[in-house]
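Undergrad: Line by line, the protein sequences are chains W and L.
The numbering used here applies: residue 1 is where the first sequence begins, and numbers increase by one.
The numbering used here applies: residue 1 is where the second sequence begins, and numbers increase by one.
Built from N, CA and C at the ideal position, the CB exists for glycine as well.
There are 2 protein chains.
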Amino acid sequence: MSDKCDINSPHEDVVKKLKKEMPDAQSFEKSAALFKALCDPTRSKIIWALDGNELCVCDLSELLGMTQSAISHQLSGLRKANMVKFRKSGKEVFYSLADEHIRIMLESGMEHANEKEDE
Amino acid sequence: MSDKCDINSPHEDVVKKLKKEMPDAQSFEKSAALFKALCDPTRSKIIWALDGNELCVCDLSELLGMTQSAISHQLSGLRKANMVKFRKSGKEVFYSLADEHIRIMLESGMEHANEKEDE
DNA sequence: AGGACAGTTGAACAATTGCTCATATGTTCA
DNA sequence: TGAACATATGAGCAATTGTTCAACTGTCCT
């Protein structure tokens, strides 16, 4: 833990206030989980592609130029996080977005990232 | 790569269209980097705390109940990603948010994560 | 100068990640 | 039934992550 920084710091009050206002750990965990789905390019491509489209693993595999297995593994993670849902039809499995939030987050993330040409 | 799924798939057109519309790899990398700052609870707590407040390492360390070293390492990462800026004053180093986007993203992420009580 | 404090940094480590490869399941069609 | 296909999954592996620990830099104060 902290070696107890200067108790008379001019920031003591702010820290105290923040401690009270700070959302509980679980809230941070949840939002982190949401962002986790988007912090990997492969996953964000998948989510981008599924935005408005119902696609099978094979479609995604071709679109992203990646192994069917790699895609399937990622989808499995997104499934566990309730970010995508799926529908089986014969041999194929069609995936689509299960979460409205994640779509919105990706869209604004992509916007922001591209406004940020300053680095 | 893909073992070439059924070429006559009813989704071939969609895939073709998506291939054309798909943003370049770099765009995805950039947005992923933005989300990466937020996908870890420690980092998102730091960003939350710095939202509107200029805090020193020690303040953050006390607020989060974590080692000063752990905080410093995380800040170093956020610095490299241009997410935070800092100002030295005597022994202390004051950090603040350098990026408007990240603030907005965290806020909406926290909102969305908490609306999502359904799991 | 010397001690105390704030912060940074690098090495080390366990845990996690993202992928590949091989294999398994389940479906369609001849 | 058996071959071909779409997908899922587990083991294995290299790379990355998040933290700790110890050592270091720089500043203030006496």
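Do the region 37–45 of chain W and the region 17–32 of chain L meet, that is, are 3 or more Cβ pairs less than 8 Å apart?
TA: The region 37–45 of chain W vs the region 17–32 of chain L: in contact.
Undergrad: Over the uninterrupted alpha helix (DSSP H) stretch that includes W/L64, give me the two end residues.
TA: Residue 64 of chain W sits at position 64 when you count from the first residue of the first sequence. 57–64 is the span of the alpha helix (DSSP H), which, as asked, contains W/L64.
Undergrad: Taking all protein chains shown into account, do 16 or more other C-beta atoms lie within 10 angstroms of the C-beta of L/K80, making it buried, or fewer, making it exposed?
TA: For the purposes of this step, residue 80 of chain L is taken as the residue at position 80 of the second sequence. With fewer than 16 Cβ atoms within 10 Å of its Cβ, L/K80 is classed as exposed.
Undergrad: Can W/M66 and W/T42 be called in contact, C-beta distance under 8 Å?
TA: To locate residue 66 of chain W, count along the first sequence from 1; it is residue 66. To locate residue 42 of chain W, count along the first sequence from 1; it is residue 42. Cβ distance < 8 Å, so W/M66 and W/T42 count as in contact.
Undergrad: Looking at C-beta atoms only, is the number of pairs between the region 100–110 of chain L and the region 101–114 of chain W that lie closer than 8 Å three or more?
TA: Segments in contact, yes.
Undergrad: For W/K88, tell me which candidate among W/K45, W/L55, W/F28 has the shortest Cα-Cα distance.
TA: Here residue 88 of chain W is taken as the residue at index 88 of the first sequence, counted from 1. Nearest C-alpha to W/K88: W/L55.
Undergrad: Contact defined as beta carbons within less than 8 Å: I believe W/Q68 pairs with W/S76. What is the distance between those atoms, to the nearest angstrom?
TA: Numbered from its first residue, the first sequence carries residue 68 of chain W at position 68. Numbered from its first residue, the first sequence carries residue 76 of chain W at position 76. W/Q68 to W/S76, Cβ: 12 Å. No contact.
Undergrad: Please tell me whether W/F86 has its Cβ less than 8 Å away from any Cβ of chain L.
TA: Numbered from its first residue, the first sequence carries residue 86 of chain W at position 86. Taking Cβ atoms only, chain L never reaches closer than 8 Å to W/F86, which makes this a no.
Undergrad: Measure from the alpha carbon of L/A49 to the alpha carbon of each residue in W/S72, W/A49, W/L18, then state which is nearest.
TA: In the second sequence, the residue the question calls residue 49 of chain L occupies position 49. With distances taken between Cα atoms, L/A49 lies closest to W/L18.
Undergrad: If you compare alpha carbons, which of L/Q26, L/K20, L/D51 is closest to L/S96?
TA: Position 96 of the second sequence, counting from 1, holds the residue named residue 96 of chain L. Nearest C-alpha to L/S96: L/D51.
Undergrad: Applying the 10 Å Cβ sphere with the 16-neighbour rule, what's the burial state of W/K45?
TA: Counting from one through the first sequence, the residue named residue 45 of chain W turns up at place 45. Counting Cβ neighbours within 10 Å, W/K45 comes out buried, since at least 16 surround it.
Undergrad: Mind checking which residues open and close the beta strand (DSSP E) that includes L/E92?
TA: Translated into positions along the second sequence, residue 92 of chain L becomes position 92. Note, L/E92: beta strand (DSSP E), 92–97.
Undergrad: With DSSP as the reference, label W/S2 as helix, strand or coil.
TA: Within the first sequence, residue 2 of chain W is the residue found at index 2, counting from 1. For W/S2, the pLDDT reaches just 38, beneath the cut-off of 50, and the residue's location in the model is therefore unreliable, although a value from the coordinates is still provided. If DSSP states are grouped into helix, strand and coil, W/S2 belongs with coil.
Undergrad: Can you name, in chain order, every residue of its own chain whose Cβ lies under 6 Å from the Cβ of L/I71, other than the five neighbours on each side?
TA: Here residue 71 of chain L refers to the residue found at position 71 of the second sequence. For L/I71, where only same-chain residues beyond five positions count, the Cβ hits under 6 Å are V57, L60, S61.
Undergrad: For L/A49, decide whether its Cβ has a neighbour in chain W, counting only Cβ atoms nearer than 8 Å.
TA: What you label residue 49 of chain L is simply residue 49 of the second sequence in a count that begins at 1. Judged by the 8 Å Cβ criterion, L/A49 is in contact with chain W.
Undergrad: Residues bridged to L/V84 by DSSP?
TA: As a first step, residue 84 of chain L must be located in the second sequence, where it is residue number 84. DSSP lists L/L97 as partners of L/V84.
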